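Chains as they are written, first to last, in numbering that gives the first Met the number 0: chain A, 0 to 346; chain B, 0 to 346; chain C, 0 to 346.
Where a beta carbon is used, it is the ideal one built from N, C-alpha and C, also for glycine.
Note that the structure is predicted; figures quoted are calculated from it, not measured.
What follows is a short report on a single structure.
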Amino acid sequence: MEFIAKQIAEILSGKIEGDENAVVSDFSKIEEGKPNSISFLANPKYNHYIYETQSSVVLVNEDFIAEKEIKTTLIRVPDAYKAIAILLNFYNSLQKKPSGIEKPTQIHKTAKIGKKPYIGSFTYISKDVEIGNNVQIYPNCYIGSNVKIGDNTIIYSGVNIYSETKIGKDCVIHSGTVIGADGFGFAPVNDAAFLKIAQIGNVVIEDNVELGALVTVDRATMGSTIIRTGVRLDDHNHVAHNVDVGENTVIAAQGGIAGSTKIGKNCMFAGQIGIAPHVSIANNTILGARAAIPGNIKKEGQTFIGQPGIDPHDFLRASIHFKNFDKIVKRLEKLEKIIEKNNISID
Amino acid sequence: MEFIAKQIAEILSGKIEGDENAVVSDFSKIEEGKPNSISFLANPKYNHYIYETQSSVVLVNEDFIAEKEIKTTLIRVPDAYKAIAILLNFYNSLQKKPSGIEKPTQIHKTAKIGKKPYIGSFTYISKDVEIGNNVQIYPNCYIGSNVKIGDNTIIYSGVNIYSETKIGKDCVIHSGTVIGADGFGFAPVNDAAFLKIAQIGNVVIEDNVELGALVTVDRATMGSTIIRTGVRLDDHNHVAHNVDVGENTVIAAQGGIAGSTKIGKNCMFAGQIGIAPHVSIANNTILGARAAIPGNIKKEGQTFIGQPGIDPHDFLRASIHFKNFDKIVKRLEKLEKIIEKNNISID
Amino acid sequence: MEFIAKQIAEILSGKIEGDENAVVSDFSKIEEGKPNSISFLANPKYNHYIYETQSSVVLVNEDFIAEKEIKTTLIRVPDAYKAIAILLNFYNSLQKKPSGIEKPTQIHKTAKIGKKPYIGSFTYISKDVEIGNNVQIYPNCYIGSNVKIGDNTIIYSGVNIYSETKIGKDCVIHSGTVIGADGFGFAPVNDAAFLKIAQIGNVVIEDNVELGALVTVDRATMGSTIIRTGVRLDDHNHVAHNVDVGENTVIAAQGGIAGSTKIGKNCMFAGQIGIAPHVSIANNTILGARAAIPGNIKKEGQTFIGQPGIDPHDFLRASIHFKNFDKIVKRLEKLEKIIEKNNISID
Numbered sequence: 000m001e002f003i004a005k006q007i008a009e010i011l012s013g014k015i016e017g018d019e020n021a022v023v024s025d026f027s028k029i030e031e032g033k034p035n036s037i038s039f040l041a042n043p044k045y046n047h048y049i050y051e052t053q054s055s056v057v058l059v060n061e062d063f064i065a066e067k068e069i070k071t072t073l074i075r076v077p078d079a080y081k082a083i084a085i086l087l088n089f090y091n092s093l094q095k096k097p098s099g100i101e102k103p104t105q106i107h108k109t110a111k112i113g114k115k116p117y118i119g120s121f122t123y124i125s126k127d128v129e130i131g132n133n134v135q136i137y138p139n140c141y142i143g144s145n146v147k148i149g150d151n152t153i154i155y156s157g158v159n160i161y162s163e164t165k166i167g168k169d170c171v172i173h174s175g176t177v178i179g180a181d182g183f184g185f186a187p188v189n190d191a192a193f194l195k196i197a198q199i200g201n202v203v204i205e206d207n208v209e210l211g212a213l214v215t216v217d218r219a220t221m222g223s224t225i226i227r228t229g230v231r232l233d234d235h236n237h238v239a240h241n242v243d244v245g246e247n248t249v250i251a252a253q254g255g256i257a258g259s260t261k262i263g264k265n266c267m268f269a270g271q272i273g274i275a276p277h278v279s280i281a282n283n284t285i286l287g288a289r290a291a292i293p294g295n296i297k298k299e300g301q302t303f304i305g306q307p308g309i310d311p312h313d314f315l316r317a318s319i320h321f322k323n324f325d326k327i328v329k330r331l332e333k334l335e336k337i338i339e340k341n342n343i344s345i346d
Numbered sequence: 000m001e002f003i004a005k006q007i008a009e010i011l012s013g014k015i016e017g018d019e020n021a022v023v024s025d026f027s028k029i030e031e032g033k034p035n036s037i038s039f040l041a042n043p044k045y046n047h048y049i050y051e052t053q054s055s056v057v058l059v060n061e062d063f064i065a066e067k068e069i070k071t072t073l074i075r076v077p078d079a080y081k082a083i084a085i086l087l088n089f090y091n092s093l094q095k096k097p098s099g100i101e102k103p104t105q106i107h108k109t110a111k112i113g114k115k116p117y118i119g120s121f122t123y124i125s126k127d128v129e130i131g132n133n134v135q136i137y138p139n140c141y142i143g144s145n146v147k148i149g150d151n152t153i154i155y156s157g158v159n160i161y162s163e164t165k166i167g168k169d170c171v172i173h174s175g176t177v178i179g180a181d182g183f184g185f186a187p188v189n190d191a192a193f194l195k196i197a198q199i200g201n202v203v204i205e206d207n208v209e210l211g212a213l214v215t216v217d218r219a220t221m222g223s224t225i226i227r228t229g230v231r232l233d234d235h236n237h238v239a240h241n242v243d244v245g246e247n248t249v250i251a252a253q254g255g256i257a258g259s260t261k262i263g264k265n266c267m268f269a270g271q272i273g274i275a276p277h278v279s280i281a282n283n284t285i286l287g288a289r290a291a292i293p294g295n296i297k298k299e300g301q302t303f304i305g306q307p308g309i310d311p312h313d314f315l316r317a318s319i320h321f322k323n324f325d326k327i328v329k330r331l332e333k334l335e336k337i338i339e340k341n342n343i344s345i346d
Numbered sequence: 000m001e002f003i004a005k006q007i008a009e010i011l012s013g014k015i016e017g018d019e020n021a022v023v024s025d026f027s028k029i030e031e032g033k034p035n036s037i038s039f040l041a042n043p044k045y046n047h048y049i050y051e052t053q054s055s056v057v058l059v060n061e062d063f064i065a066e067k068e069i070k071t072t073l074i075r076v077p078d079a080y081k082a083i084a085i086l087l088n089f090y091n092s093l094q095k096k097p098s099g100i101e102k103p104t105q106i107h108k109t110a111k112i113g114k115k116p117y118i119g120s121f122t123y124i125s126k127d128v129e130i131g132n133n134v135q136i137y138p139n140c141y142i143g144s145n146v147k148i149g150d151n152t153i154i155y156s157g158v159n160i161y162s163e164t165k166i167g168k169d170c171v172i173h174s175g176t177v178i179g180a181d182g183f184g185f186a187p188v189n190d191a192a193f194l195k196i197a198q199i200g201n202v203v204i205e206d207n208v209e210l211g212a213l214v215t216v217d218r219a220t221m222g223s224t225i226i227r228t229g230v231r232l233d234d235h236n237h238v239a240h241n242v243d244v245g246e247n248t249v250i251a252a253q254g255g256i257a258g259s260t261k262i263g264k265n266c267m268f269a270g271q272i273g274i275a276p277h278v279s280i281a282n283n284t285i286l287g288a289r290a291a292i293p294g295n296i297k298k299e300g301q302t303f304i305g306q307p308g309i310d311p312h313d314f315l316r317a318s319i320h321f322k323n324f325d326k327i328v329k330r331l332e333k334l335e336k337i338i339e340k341n342n343i344s345i346d
């Protein structure tokens, strides 16, 4: 596929500076720019690359100000990061998608499959499964009984989905992810042993959700574990039984949400966070990497970092003091000695 | 399936208050109670729901005291949480189990399969495998050579079990879990490169063990990595080579136990903990979420939290001071200035 | 297989003390030594076992000094740990390897398979895949289109490799690992929702790399995520999009490297570490368990521990003070009271 700068500017409603006939057939990072490729510049940290890049076209923010001569063709857009996202998705939508039902697969006779499916070899579809239109299920997946999967959802290879799970439209689920395994519920019996509590609830994943690779979303003890519309969970996240993750919340890799916790809408959590069981987190909460949240967060829009999570400014200053803790204690000891030597006392 | 309150009270040796003919055909959470369903109330935090719940029957602790009129039928039992566990398991035991050997599977001619097996499609059973009676192995599993699996064990879809692994009776292993991959052992050679140390030991999982989804239990370098009877490991746990996890120990999600460490019996670890290699943890140790244990714990029955793990009371107070660390240092600075201004000194 | 001490000493260029005809047919740990087995002693902590071990032969370091009579046969070598690694690998190389292409598999007609392959049942090999000589791919793997795999590489069961991934020679990839899933890239649109950024780059894994079980290495947004020659990643590690991990770097279990970060050569990271996005870590950096690195590390050969990572000596002292934080604050309060009572003030 080949485009010229003018066509791309039209798609993005951008303004060209330079050669409007510059040819683009590929994408590249600005620091690794190649002729006939398009790059983007959104982070000012990378500004210096624009004067030397070999990319034929670079998307920049409207307000970008050049400090030297630029040889490449620019397309100015309101938001260069969003613009490249649109272009990449456009490019991706032109790629050929797999289709058809390959052999061998195991599809139960009671399963209902919508129009234009892709079902890869060695995928197992159980009793009473309902699959919408344009769904892609790659090889080696397991879809348990009574699972529902909405239109246009893509399930990559090696995904395991337990019975009763409901998945909405336009979702993407990456390889190795496990949805609907038993929640971790045990009642102590006698002194030591534990009795397993059968987990008879399910998992509900609404529309337009993306789950990364090797994510776990456990089924509810009773009722449903819910991942709401627009949620994105990166690789290795763990969502325990009866959790409810609010709309458009985004969680980077390796986080853990303990049982029965409710996460609000539009939250953004960095990697490796942890949230206690049975708590409620307000909408628009932001967590820094590795934040641990032991209790409810009631006020919306706050940011936390640390373990337990605190205000980032407090955390930053406290961390510096922590590093110097020994010096601080030595200063205290010095004062104590002075007070003692001078016979100053309370009494 | 339908039961009446009287039948349930008999199963649980409970005492009915209300309509002993109330019909129950489902379970629900007390806060989402529905007619003809049974709920339970164990956590006093949820007491207020009992006055409005639509559930037809609610299990409560013997000593529960109502503060208002209750419309639903109560069954009083010594431990409502344990009682619901028993009921759920009873309900689960009535569900139909999969059975038979589906096609296609790959079962080596030397493998021995016990009575009443379920082996799902696309499961691979290698040479000299021995499988007990009533074992369920879901689709897309890999069972390496010389693996032994005891009676009644359930292995969900997509589990990978390396050669020589021994698994006992009545175990449950959830999807995507990997048992017996190589331990992480490398000997430095020259300045920089590492020589892999072949891992020729195995993994032994005793009886009545439950492993969550996407758990790893690595094989021993020599000898065995051992998970003892009654252990429960939640999703994403990692058990390194030559570890020994004691009876009935329970570990919540995303924990990591480093190589050659020995964990005692009846320990309870919250999520995201980490334990150093080559250490020994006493019986009945409790770890709070995210606790990190760098050395031996010799005394039984202690609780730790923090990184490194300390007494929870110390941790709680220290965490509050940490948040206020900047103010504390400013108070110290103020004292230093006072001392200086007043010409008080050691000399 | 049976060897005598003399043969083993020759392989390792070691020096025998004791019976040079001692027979060895197995390996055992020194503390669980059995007749006709060989053990090793490298860690002085285990020295006391050598006087009682039942092992017929023990490898010891050249400079080992016995404090009592030793009954077993010793072989002195420059590095006992390295020597046992060599012996174990030699032993492993004598084991029979699986070979041939099993049925059923799904191999695209355009795929090129080298000499002496092993491809297990239920493995799926897509369009335009190129596989070198002596490659072993165990059952239930998915190999996406246009993937290349170099000579002698071993891919265990249940591995998922997305399209365009390049894997070098002599690599080992353990079960359940996912290579090439989408990086976690989303551009905010409007107030709340996120637009997925198509990830059109790939993953490049060079030669002699070992990836543990359930590892994720995400594909680049553009360009490549790179794991360089000799890298070893333990189970559950997460490598985000556009990361570059330098030669011979070793990372223990459950670490996470955020997007676009560059890790130097010969680094050694303990378990559960985390590194921020868009940072650069110098060669030979050492991270203690659970270290969190928020920014660049420019100087080579430093060690960090804590969150954020600091010098280990500072961390150790600070951790002790943290535990005693409440007492330290009480000492400060006492001084404040003394100063106040004595009417000492700045003014």
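Looking only at its chain, what residues have a beta carbon closer than 8 Å to the beta carbon of residue i, apart from the 5 residues adjacent to it on each side?
i, result
"Phe193(C)", "Phe185, Ala186 and Pro187"
Keeping to the same chain, check which residues put their C-beta closer than 6 Å to that of residue i; ignore five residues upstream and five downstream.
i, result
"Val146(B)", "Val128, Ile160 and Thr164"
"Asp234(A)", "Gly211, Ala212, Leu213 and Ala252"
"Asp25(A)", "Ser36"
Closest by CA to residue i, which one among the options?
i, options, result
"Glu246(A)", "Leu213(A), Gly270(A), Gly258(A) and Glu205(A)", "Glu205(A)"
"Lys70(B)", "His47(B), Lys333(B) and Gln306(B)", "His47(B)"
"Ile85(C)", "Ile7(C), Thr104(C) and Gln105(C)", "Ile7(C)"
"Ala79(A)", "Ser144(A), Lys264(A), Asn88(A) and Glu61(A)", "Glu61(A)"
"Ile106(B)", "Ala4(B), Ile83(B), Ile136(B) and Asn88(B)", "Ile136(B)"
"Gly258(B)", "Met267(B), Thr248(B) and Gly273(B)", "Gly273(B)"
"Asn241(C)", "Ile172(C), Leu11(C), Leu334(C) and Gly200(C)", "Gly200(C)"
"Thr284(C)", "Pro293(C), Gln271(C), Cys266(C) and Pro307(C)", "Cys266(C)"
"Lys195(C)", "Asp217(A), Val249(A) and Arg330(A)", "Val249(A)"
Using the C-alpha atoms, what's the distance from residue j back to residue i?
i, j, result
"Ile166(C)", "Pro116(B)", "39 Å"
"Lys96(A)", "Ile37(B)", "47 Å"
"Pro34(B)", "Ser27(B)", "9 Å"
"Asn342(A)", "Ile337(B)", "16 Å"
"Ala288(C)", "Gly255(B)", "11 Å"
"Lys126(C)", "Leu232(C)", "29 Å"
"Ala275(C)", "Thr122(A)", "37 Å"
"Asp150(C)", "Ser223(C)", "21 Å"
"Val238(A)", "Ala180(C)", "20 Å"
Helix or strand or just coil, what does DSSP make of residue i?
i, result
"Pro77(B)", "coil"
"Ile226(C)", "strand"
"Glu31(C)", "helix"
"Glu51(A)", "coil"
"Val56(B)", "strand"
"Phe89(A)", "helix"
"Glu101(C)", "coil"
"Pro187(A)", "strand"
"Ser24(B)", "coil"
"Arg289(C)", "coil"
Enumerate in chain order the residues of its own chain whose CB-to-CB distance from residue i is below 7 Å, with the five nearest sequence positions on each side excluded.
i, result
"Tyr50(C)", "Lys67 and Ile69"
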